[in-house]
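Take a look at the structure set out below.
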Amino acid sequence: MTISSCVFIKSGCKINLGLQIVEKRPDGYHNINSVFLPVMWQDIIELIVIPEQNKPIVLKTSGIKIDTDPQFNTIYKLLTLLKQNYAIPPLYVHLHKCIPMGAGLGGGSANAAEVLKYLKNHFLSTLTDTEALILLSKIGSDCVFFWNTEPAIIRGTGSQCHTFSISLKGYFLVLIYPHLNISTAWAYSQCVPKPAEIDIADILSKPLNTWKDVLHNDFEAPVFKAYPLLDQIKQNLYKKGAVYASMSGSGSTMYGIFNEIPDLSEFAMYSCFTQTLQ
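For the sequence shown, numbering that gives the first Met the number 0 assigns the number 0 to the initial residue and increments by one for each residue that follows.
As structure tokens, this is what we get:
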């Protein structure tokens with residue numbers, strides 16, 4: 000990347016295949032078990048090198064409106080950390096936001112990871128993967144998953160991330176975001192942690208059509224109580240033929256996995272995304 004050049008980076012998201020909240024830690028965080036599946040719903044990030052030196056970080060956004068101060072953005076946090084310890088050029092960043100926020104999809108975490116991948120390849124060749132993962136864990140635990148963007152089993156606070164072999168090839172994934180922003184902190188406050196009765200890896204080793212009654216997201220019960228619309232969407236996904244349906248993360252995105260693409264006209268008032276799983 001040279002001065003005055005620009006690059007466009009695609010940045011995806013994830014869904015949770017099950018989510019077990021197993022323990023509240025002394026530091027206030029929670030230990031979880033989950034499997035993250037990468038999804039192709041994408042933001043677009045434009046990076047431009049600014050010729051002038053000693054310029055502050057410039058972050059502009061478009062697409063879905065972001066109400067928070069730029070300093071709370073994951074890309075801004077990443078660049079701030081990098082500038083403290085590494086020689087990176089001044090950058091202009093334009094984030095075109097397509098992935099909903101507060102939706103349980105980890106789009107912001109992916110933004111930081113994708114920018115760091117690009118900077119490592121072009122400006123930070125001495126940065127090791129271990130150092131990169133430490134940096135990402137300081138920004139958010141989900142960021143670590145997006146360093147490799149392969150299905151992974153997640154344990155601990157989210158930073159224990161190991162590749163997980165799972166095949167859903169040929170199925171169709173449908174995501175429904177009903178324009179509700181749910182606070183992850185609030186959702187955790189409504190849950191009572193408990194040891195997992197069945198290891199999530201064992202559940203996911205079985206065929207998809209066996210998941211419905213045993214693969215659970217522990218956030219669903221309290222979140223559905225506060226937002227019954229989400230439970231209604233889940234049941235409607237099953238009525239339309241979903242083999243498995245669930246909430247992603249702490250919500251509010253609901254998803255269904257189908258043998259074939261269903262009629263989504265009932266969900267036309269919401270943000271919907273579909274893809275064929277590979």
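In this text, a Cβ means the ideal position worked out from N, Cα and C, and glycines have one as well.
In this structure, DSSP gives residue 40 an extended state, which the three-state scheme calls strand. Within a 10 Å sphere around the beta-carbon of residue 96 sit 16 or more other beta-carbons, which makes this residue buried. The beta strand (DSSP E) runs of length 3 or more contained entirely in the region 161-224 are, from start to end of the chain, 171-176.
When secondary structure is reduced to three states using DSSP, residue 273 falls in the strand class. Rounded to whole angstroms, the Cβ separation of residue 264 and residue 99 is 20 Å, and the two are not in contact under 8 Å.
In the DSSP assignment, residue 84 falls within the unbroken alpha helix (DSSP H) covering 73-84. For residue 7, the three-state secondary structure derived from DSSP is strand.
Per DSSP, residue 62 is one residue of the beta strand (DSSP E) stretching across 57-62. Residue state for residue 34 is assigned as strand, using DSSP reduced to three classes.
Closest option to residue 33, judged by alpha-carbon separation, among 120, 14, 41, 27: 14. Proximity to residue 272 across 188, 8, 39, 19 peaks at 39, based on C-alpha coordinates.
Straight-line measurement puts the Cα of residue 53 at about 44 Å from the Cα of residue 246. In the three-state reduction of the DSSP assignment, residue 97 falls in the coil class. Here residue 208 is exposed. Its C-beta has fewer than 16 other C-beta atoms within 10 Å. Sequence-distant Cβ neighbours of residue 136 in its own chain, meaning closer than 8 Å and more than five residues away, are 142, 143, 158.
The beta carbon of residue 219 sits closer than 6 Å to the beta carbons of 246 from its chain, once the five residues preceding and following it are set aside; these are given in chain order.
When the beta-carbon positions are compared, residue 203 and residue 255 stay at least 9 Å from each other. Taking the C-beta atoms as reference points, residue 187 is found nearer than 9 Å to residue 249. If you draw a straight line from the Cα of residue 179 to the Cα of residue 79, it comes to about 30 Å.
Distance between residue 127 and residue 104, taken at the CA atoms: about 27 Å. Boundaries of the alpha helix (DSSP H) harbouring residue 112: 106-121, taken from the DSSP string. With at least 16 other beta carbons inside 10 angstroms of its own, residue 146 counts as buried. Shown here, residue 235 sits in a helix according to DSSP, grouped into three states.
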